[in-house]
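Trainee:
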Amino acid sequence: MGGKLFLVPTPIGNLEDMTFRAIRVLKEADVILAEDTRTSAPLLKHFGIDKKAYSHHQHNEHKATSEIIRFLKEGKNVALISDAGTPAISDPGFFLVREVLKNDLPVECLPGATAFVPALVNSGLPTDSFVFEGFLPVKKGRQTRLKKLAEEERTIILYESPHRLLKTLEEFAQFFGEERQASVSRELTKLYEETVRGTLMEIKSHFENNILKGEFVICVAGKEETKKEKRSYEKD
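Under the working numbering, think of the first position of the sequence shown as 23, with each following residue one higher.
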């Protein structure tokens, strides 16, 4: 019998969001892989998981995967964690999962924390149909992606860093229209959690006058939703 690869979500800020099952799986795993062992060490210590974590990130995952598959074939259980949230969601993990499955070995992903779900739910934008884009390309292909997203009818969800937030909101206003409704959440689950809702330009104005700190999740109304709001306004 081969071992199993477990993908284990970790808190995106509030340590109380760690599940009992996640703690058990990490304690029982033969090998723990972490995106950054310096980040994971305090987390493991906090929950009494007395095991060394090995680095597994975008720069070494191709080279390390063959050895991980060997561990699994030997019957060892391997748990993968990222710095925060669910592995493989804008974090390392996809390549490993695909290769493990190619070798007919089992993969199990635990439910748990991921930033875009609470950001979407508390945005006030439609949640019945949405598209998650992760991070936009920084340079090559960025404008092409923005033009495509401008025609998207579903709610659009993206991640952004503090130093690019204002530029991104400006570009969204340019491609989607300044009055497009949106929501920006930062520091989710943490002490200074904040969600700002309004038009793209209203949100940009808010963050121009406030400290840009933390990880940001941007939710933008789809084109169809904008049409509905306009028709409703005109009808009233």
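C-beta atoms are modelled at their ideal positions from N, C-alpha and C, and glycine is treated no differently.
A quick note: this is a predicted structure, and the numbers were derived from the prediction, not measured.
Let me confirm a value: PHE198 is counted as buried when at least 16 other C-beta atoms fall within 10 Å, else exposed. Which label applies?
Mentor: buried
Trainee: Using CA coordinates, which residue listed in VAL139, ALA195, GLU246 is at the minimum distance from PHE238?
Mentor: VAL139
Trainee: What residue range is occupied by the uninterrupted beta strand (DSSP E) comprising ILE178?
Mentor: 177 to 182
Trainee: Mapping the DSSP letters down to three states, classify VAL160 as helix, strand or coil.
Mentor: coil
Trainee: Note down, in chain order, each residue of its chain lying with its Cβ closer than 8 Å to the Cβ of PHE229, except the 5 sequence neighbours on either side.
Mentor: LEU187, LEU188, LEU191, VAL206, VAL218
Trainee: Under 8 Å between the Cβ atoms of LYS245 and GLU174?
Mentor: Cβ atoms of LYS245 and GLU174: closer than 8 Å.
Trainee: Taking only the alpha-carbon atoms, compute the straight-line gap between SER88 and LEU94 and give it to the nearest angstrom.
Mentor: 10 Å
Trainee: In three-state DSSP terms, what is SER77?
Mentor: strand
Trainee: Suppose the cutoff is 7 Å on Cβ atoms and the five residues either side in sequence are ignored; what does the same chain contact list for PHE154 look like?
Mentor: PHE138, ILE179
Trainee: Work out the CA separation of GLU215 and LEU1 for me, nearest whole Å.
Mentor: There is no way to answer for residue 1, as the model of the chain reaches only from 23 to 258.
Trainee: To which residues of the same chain is ARG208 closer than 7 Å at the C-beta, ignoring the five residues directly before and after it?
Mentor: GLU216, GLY236, GLU237, PHE238
Trainee: If you follow the alpha helix (DSSP H) that VAL143 is part of, which residue opens it and which one closes it?
Mentor: 138 to 143
Trainee: Are the segment 58 to 72 and the segment 159 to 174 touching by the rule of at least three beta carbon pairs closer than 8 Å?
Mentor: no
Trainee: At which residue ranges does the segment 197 to 247 contain complete alpha helix (DSSP H) runs of 4 or more residues, listed in the order of the chain?
Mentor: 222 to 230
Trainee: So, helix, strand or coil for LEU123, using DSSP?
Mentor: helix
Trainee: At the level of alpha carbons, what is the spacing between GLU121 and LEU66?
Mentor: 27 Å
Trainee: If you draw a straight line from the C-alpha of ASN259 to the C-alpha of GLU200, how long is it?
Mentor: As shown, the chain starts at 23 and ends at 258. That puts residue 259 outside it, with no answer to give.
Trainee: For VAL129 versus VAL119, is the C-beta spacing smaller than 8 Å?
Mentor: yes
Trainee: Taking only beta-carbon atoms, is GLU224 less than 8 Å away from chain D?
Mentor: Checking the listed chains, one finds no chain D in this structure; it contains a single protein chain.
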